[in-house]
Amino acid sequence: MTLHLKTKITAVGPDVADLAEGGVLILFADGSPAELAEVSVLHRVEGEAAQTAPTVGTAIKVGDVSAEITAIGEKAWAKVLDIGHVVIKFTGASTTETPGEIAASEVDGAALTAALKEGADIIIGA
200 MTLHLKTKIT AVGPDVADLA EGGVLILFAD GSPAELAEVS VLHRVEGEAA QTAPTVGTAI
260 KVGDVSAEIT AIGEKAWAKV LDIGHVVIKF TGASTTETPG EIAASEVDGA ALTAALKEGA
320 DIIIGA
């Protein structure tokens, strides 16, 4: 399986825990505007992100929390490549609500929140 993205968490916004408890994770590359950083996990990509988008069934790992992609919006991967931004909803949905989001299998909200620490890796793929 292809490694699509390996990124390291550099900061966790003060409002991230509330969203993560509900299974929503918002990623933005370092340097995002302050108002977005409040609800986002800021990250720095290690190496280069794959040019091809991941597909349904691709693994997502956030620290020690594992899931699989269940749907991917048509613009989600382009936003990852362009500005390092994506919304991942761990709901198990088979479709996305917006073209810029990724849906993934359900995870425990408390475990997801606990995994969101500075220095932790987020890996999509291999």
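Heads up: the sequence shown begins at 200 in the working numbering, then just goes up one per residue. Glycine residues also receive a C-beta, built at the ideal position from the N, C-alpha and C atoms.
Here the region 236-250 does not lie against the region 295-311, with fewer than 3 beta-carbon pairs under 8 Å apart.
In the assembly as shown, G246 is an exposed residue. Its beta-carbon has fewer than 16 other beta-carbons within 10 Å.
The secondary-structure analysis by DSSP pairs V244 across a beta bridge with T206.
Under DSSP, the beta-bridge partners assigned to A270 are A302. In this structure, V211 sits near E317, with a CB-CB distance shorter than 8 Å.
Residue state for L218 is assigned as helix, using DSSP reduced to three classes. Assigned with DSSP and collapsed to three states, L280 falls in helix.
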